[in-house]
Amino acid sequence: MTWAIVPAAGRGSRFGGAVPKQYLVLAGRPVIEHSLRAVLDHPGVDGVMVALAQDDAAWPGWREVGGKPVLTCVGGGERADSVLAALHALPASIDDDQWVLVHDAARPCLHRDDLARLIGEGCRDAVGALLAAPVRDTLKRADADAKCLGTEPREALWRALTPQLFRRGGLTRALSSAHRNGVRVTDEAMAMERLGLKPRLVEGRDDNLKITTPADLALAEFVLSNRKD
Ligand code: CTP
Ligand code: MG
């Protein structure tokens, strides 16, 4: 049994527009509703804590989604600050040993099979796990003038996705340590790695897109409207 944290306090500066991207309509529903339903769909997820911007005027005020509780807290200046705020705001009944799933509000195309595999494999790992996709493109290292310096081997490289699954206590300690030391961590796994831990990669689908630009929203619309299972 686990709770989810959904960081949704970003401003969507790369996307642009008046309304943050997580509230734009995708296949008939706000992006964030897809992301919440996707994590709450798993029978092992009991509820979700959503981190919102202090001045968020677009949050619909949901108290439940799909029959499960939705709580909110105020996020922070960086994604990691929002996740840490949500960890602190989780109900006290969730003890430090319990697993917590962190999933971006901006990832509406999470597939139920990926979530099930992540939870199944992640809970058996001592450290925790994240969804990730192998890098498929040829990778170039370049100088400041965008001239190629070389080609990087990609065999050992993966793209980190969400959800990511860690124990409440361990993740809180890892994110607090990064924060205290002024280290910017861009996902939960990076905070754990800093402490010498090795999170497990669970291969996820390429269509678990993060909405960053308007083109991603169009792609996500295509993915969701063509999904058969
Ligand atoms: N996020 C958050 N708190 C922040 C920054 C980001 O909760 N201070 C959330 C976003 O709402 C999003 C997820 O983290 O669901 C991934 O972040 P990203 O895709 O970078 O979203 P934004 O920060 O909103 O976009 P941008 O970087 O273009 O401003
Ligand atoms: Mg951002």
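Start counting the sequence shown at 13; every next residue gets the next number (our numbering).
Heads up, the beta-carbon is just placed ideally off N, CA and C, and yes, glycines get one too.
With 16 or more other CB atoms across the displayed protein chains lying within 10 angstroms of its CB, Q34 is buried.
For I44, the enclosing alpha helix (DSSP H) stretches over residues V43 to L52. Distance between R75 and T84, taken at the CA atoms: about 9 Å. Per DSSP, reduced to three states, the secondary structure at L161 is strand.
For A144, the enclosing beta strand (DSSP E) stretches over residues G140 to P146. Remark: the shortest separation between the CB of R23 and any heavy atom of ligand 1 falls under 7 Å. Just measuring C-alpha positions, the residue of S25, G40, M13 and A21 sitting nearest S237 is G40.
Rounded to whole angstroms, the gap between the alpha carbons of N220 and L169 is 17 Å. The beta carbons of S188 and L96 sit closer together than 8 Å. Its chain contains T184 as the residues whose beta carbon lies nearer than 6 Å to that of L99, once the 5 sequence neighbours on both sides are disregarded; these appear in chain order. At the C-beta level, L102 and V214 stay beyond 8 Å of one another. Residues of the same chain with a CB within less than 7 Å of the CB of R217, apart from the 5 flanking positions on each side, are H123 and D126 in chain order. Using a 10 angstroms sphere on the CB of R153, the tally of other CB atoms stays under 16, which defines it as exposed. For M202, the enclosing alpha helix (DSSP H) stretches over residues E200 to R206. Pairing A117 with V43 gives a Cβ-Cβ distance under 8 Å.
Between L177 and G208 the beta-carbon gap is near 19 Å, outside 8 Å, which marks them as no contact. Taking R196 as the centre and dropping the five residues before and after it, the same chain places the C-beta of E90, A92 and A190 closer than 8 Å to its C-beta, in chain order.
A distance below 8 Å separates the beta carbons of V114 and I17. In this structure, A70 sits near V31, with a CB-CB distance shorter than 8 Å. Cβ contact annotation for H46 (same chain, cutoff 6 Å, sequence separation greater than five): P120, in chain order.
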